[in-house]
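All remarks here apply to the structure that follows.
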Amino acid sequence: MAIAVRLSDRPQDLIVCARLSAEYNGEEERAALVNAQQHVNKPRNALFVAVAPTDEVVGYARVSWVNRAVDAAANAAPKGYYLGGMVIDERFRRRGVGTRLTAARMKFIRARAPQAWYLVNQDNQASIDLHVPHGFHEATRDFTFPGVILDGPGGILCHARFDGRADTCPGCAPG
């Protein structure tokens, strides 16, 4: 079954994404819809959807632009584009949908910036494994991120560069 990925451009996409988010995260669907609407209304953000041949949205993934506060702590995550918020209908998991959504988001960011970031729980090996082929490496485990508290043992700030330079983060290999 071929799954297509597209930049969301339909209001009904948000309703389906909210349902998927509510099911996966155990949140109220209305709150998930408000969150999705707020996300897409921010100028640099994007929402990608995975679509089955039947035109059913079976997953989504977000790109967010994050600014760094002027008075941010020294270990605050840098400003830039971040991958986040990926949910896939359980019927379509482990079929390459996450890889397709990640590739589409990386292409989107690459057209706009020289690097991408994402946060992951230290114990989420599936997410780490998904992102490594897209050029991500561990930047640091000592960071703060506005409004985010990671469950479990803590988080990892991961980084990918598109320009071949390796001088942006503590985890970048010397150039």
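With my numbering applied, the sequence shown covers 97 to 271.
Each residue gets a CB set at the ideal place from its N, CA and C atoms; glycine is no exception.
Suppose you measure from the CA of residue i to the CA of residue j; what does that come to, to the nearest Å?
{"i": "residue 130", "j": "residue 238", "result": "31 angstroms"}
{"i": "residue 217", "j": "residue 258", "result": "24 angstroms"}
{"i": "residue 178", "j": "residue 242", "result": "13 angstroms"}
{"i": "residue 106", "j": "residue 252", "result": "33 angstroms"}
{"i": "residue 118", "j": "residue 196", "result": "22 angstroms"}
{"i": "residue 236", "j": "residue 256", "result": "13 angstroms"}
{"i": "residue 212", "j": "residue 144", "result": "16 angstroms"}
{"i": "residue 224", "j": "residue 163", "result": "24 angstroms"}
{"i": "residue 168", "j": "residue 209", "result": "22 angstroms"}
{"i": "residue 230", "j": "residue 136", "result": "24 angstroms"}
{"i": "residue 103", "j": "residue 157", "result": "10 angstroms"}
{"i": "residue 120", "j": "residue 183", "result": "7 angstroms"}
{"i": "residue 108", "j": "residue 249", "result": "37 angstroms"}
{"i": "residue 214", "j": "residue 198", "result": "11 angstroms"}
{"i": "residue 188", "j": "residue 240", "result": "33 angstroms"}
{"i": "residue 222", "j": "residue 154", "result": "19 angstroms"}
{"i": "residue 140", "j": "residue 219", "result": "30 angstroms"}
{"i": "residue 193", "j": "residue 127", "result": "25 angstroms"}
Kindly indicate which residue of the options has the alpha-carbon position closest to the one of residue i.
{"i": "residue 180", "options": "228, 148, 106 and 159", "result": "159"}
{"i": "residue 149", "options": "99, 187 and 224", "result": "99"}
{"i": "residue 142", "options": "154, 227, 161 and 219", "result": "161"}
Return helix, strand or coil for residue i, following the three-state DSSP convention.
{"i": "residue 272", "result": "Nothing can be reported for residue 272, as the shown portion of the chain is limited to 97 through 271."}
{"i": "residue 150", "result": "coil"}
{"i": "residue 271", "result": "Since pLDDT at residue 271 reaches only 45, below the 50 mark, its modelled position is unreliable, and the value read off the structure follows with that caveat. It is coil, neither helix nor strand."}
{"i": "residue 223", "result": "helix"}
{"i": "residue 160", "result": "strand"}
{"i": "residue 166", "result": "coil"}
{"i": "residue 144", "result": "strand"}
{"i": "residue 123", "result": "coil"}
{"i": "residue 189", "result": "coil"}
{"i": "residue 100", "result": "strand"}
{"i": "residue 199", "result": "helix"}
{"i": "residue 194", "result": "helix"}
{"i": "residue 173", "result": "coil"}
{"i": "residue 257", "result": "strand"}
Of all Cβ atoms in chain D, is any one closer than 9 angstroms to the Cβ of residue i?
{"i": "residue 98", "result": "Chain labels in this structure do not include chain D; a single protein chain is all it has."}
Inter-stretch contact at 8 angstroms, needing at least 3 Cβ pairs: the segment 163 to 175 / the segment 97 to 116
Cβ pair count under 8 angstroms is below three, so no.
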